[in-house]
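Read the structure below first, then the notes.
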Amino acid sequence: MQTSSNTSPSSSRSSRHDRLAIVSRVLKYLVPIVVSGGLILWLFHKVNIHQVETIIKQGVDYRYIIVMMALTVLSHIIRGIRWGIQLRAAGIPRIPAVAESVSIFGAYALNLVFPFLGEAWRCVYISRREGAKLSTVVGTDLGDRASDGIMILMIMILTMFVAHPAIEHFLDRYPLGEAIDRVTTNGVMWICIVVVLALLVAADYRFRDTKFVKGVNASILRMWNGFKVLFHMKGTGLYIVLTFGIWICYFFETYVCFFAFPFTRELITNSPYTLGLIPGLVVFVFGSCSMAVPSNGGLGPWNVAVMFALSLFGISNSDGAAYSIVCWSFQAIILVASGIFSVIYIMLNHKTVQRQLAARRAAEKTEGEKN
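In terms of the working numbering, the sequence shown opens at residue -2 and continues consecutively.
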């Protein structure tokens, strides 16, 4: 008897889906590594390695680098406290400030391994720690990131005003800048954007019952719900203050490093750039925008963007590369150290947290039975 080798259509579709899922997962982790590695190789190709080594060994005042590392930790503590406000507004009990900070420390440490791994981990950590629904925690995380997006947009607009000459210099000097200028001033391009958006809205309505569109709409709704809570939650004023505190720390992480290198120190002492605040703002904005590129903790895109921004103020590629390598490396060191602290804290407090969670669930059950 011959057995049929034909497979059913459903099993074929399942097999294709599995293969696509595997490819998607591989690309998700491979692309950031390729981007980081490729840009670092390109960076080293564009600079004098021996000059960079000399600067790192002899031309850095590491006292300011230590201040930068302290500001990094402070910004993460503030971010943790700010996220706690959102979590409480979403119905999650108050979390100790140390645990809030630990969730951020661990997230940023994991982002050095793979992009967005840290966001996923901190949501799972809080969800399990407090026995909350993961979708609720994810919603607050999305709202957290949305408020950061608004801050980046505001800072970019501010930079366009106060650093207009440097931006014009960028647009005139580099082919990329000229291309950006042509695209943004092209009326046809804006018409195309409007048409594409209209088509997306029409497609969303037409295919609203499909699994994919439902998933996309659910994600958008979670993001909106996580962000919407900002407008009616208790502590909105404090949330806004903490948001500005985070981004002020971020800016000064960049600016304080200007004092650590002789070539950037000149932008503070011997230039018309308002104590180097304008170059610092430009470098900060370029670096912040580069974080949108998938990479391992910004390695590669951030270094190139910072080197590029410094070149607008006459800093050589080798000097700019030295600045970016030192700043990124020492920030990575403090992220790893704070990540290790997170692991130790979680291990030491695991049993206590589980007992507290069990007691809270028992109390909630008893209260429910009474009602």
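Every residue gets a Cβ at the ideal spot worked out from N, C-alpha and C, and that includes glycine.
| Asked | Found |
| --- | --- |
| Simplified DSSP assignment, three categories, for V185 | helix |
| Proximal residues to V57 (C-beta, below 7 Å), its chain only, five neighbours per side dropped | A257, F258, V323 |
| Stretch pair the stretch 119 to 130 + the stretch 299 to 318: three plus CB contacts closer than 8 Å | no |
| Among R357, G103, I63, nearest to I337 - alpha-carbon criterion | G103 |
| Buried/exposed call for W39, threshold 16 Cβ in 10 Å | exposed |
| Closest by C-alpha distance to A319, when choosing among K211, V20, I62, V290 | I62 |
| Span separating the alpha-carbon of T251 from that of K348 | 40 Å |
| Nearest candidate by alpha-carbon position, reference G115, set A67, N293, F241, C189 | N293 |
| Per-residue burial, E97 [other beta carbons within 10 Å of its own, 16 or more giving buried] | buried |
| Cβ shell of K362 (< 8 Å), same chain only, five flanking positions each side left out | none |
| As assigned by DSSP and simplified to three states, the class of D206 | coil |
| Residues near F249 in its chain [Cβ-Cβ closer than 7 Å; skip 5 each side] | L68 |
| Chain-order list of residues whose beta-carbon lies under 7 Å from that of V70 (same chain, five-residue window excluded) | I331, S335 |
| Which listed residue (V301, R60, M66, V134) has its alpha carbon closest to that of V374 | There is no way to answer for residue 374, as the model of the chain reaches only from -2 to 368. |
| From G234, K43, V279, residue whose alpha carbon lies closest to that of Q83 | G234 |
| Exposed unless 16 or more other CB atoms sit within 10 angstroms - verdict on Q55 | exposed |
| The alpha helix (DSSP H) enclosing T251, as first and last residue numbers | 233 to 253 |
| Endpoints, the alpha helix (DSSP H) within which F281 is located | 274 to 287 |
| Neighbour flag for L36 against chain B, beta carbons, 8 Å | Checking the listed chains, one finds no chain B in this structure; it contains a single protein chain. |
| Close beta carbons around T133, own chain, < 6 Å, minus the five adjacent residues each side | A87 |
| Cβ pair V44, N314 closer than 8 Å | yes |
| Distance CB(V253)-CB(G284) smaller than 8 Å | no |
| Inter-residue CB distance, P291 and V28 (contact presumed, cutoff 8 Å) | 6 Å |
| With 16 other Cβ atoms within 10 Å as the buried cut-off, status of G35 | exposed |
| CA nearest to the CA of S216, picked from L155, H161, D138 | D138 |
| Inter-residue spacing [alpha-carbon to alpha-carbon] between A360 and Q351 | 14 Å |
| I92 versus P276: straight-line alpha-carbon distance, rounded | 39 Å |
| For K43, three-class secondary structure by DSSP | helix |
| DSSP state of D145 mapped onto helix, strand, coil | helix |
| Exposure label - Y236; buried when at least 16 CB within 10 Å | buried |
| First through last residue of the alpha helix (DSSP H) which encompasses V57 | Premise fails: V57 is in no alpha helix (DSSP H) and is neither H nor E. |
| 8 Å contact criterion, which S100 and G77 should meet: CB distance rounded | 6 Å |
| Euclidean distance between Cα positions of H73 and S144 | 15 Å |
| Straight-line Cα distance separating D141 from W80 | 7 Å |
| Limits of the unbroken alpha helix (DSSP H) element including R125 | 114 to 127 |
| Own chain, CB closer than 7 Å to T0, minus 5 neighbours either side, in chain order | Reliability fails at T0, whose pLDDT of 48 lies under 50, so the model's placement of it is uncertain and no value is given. |
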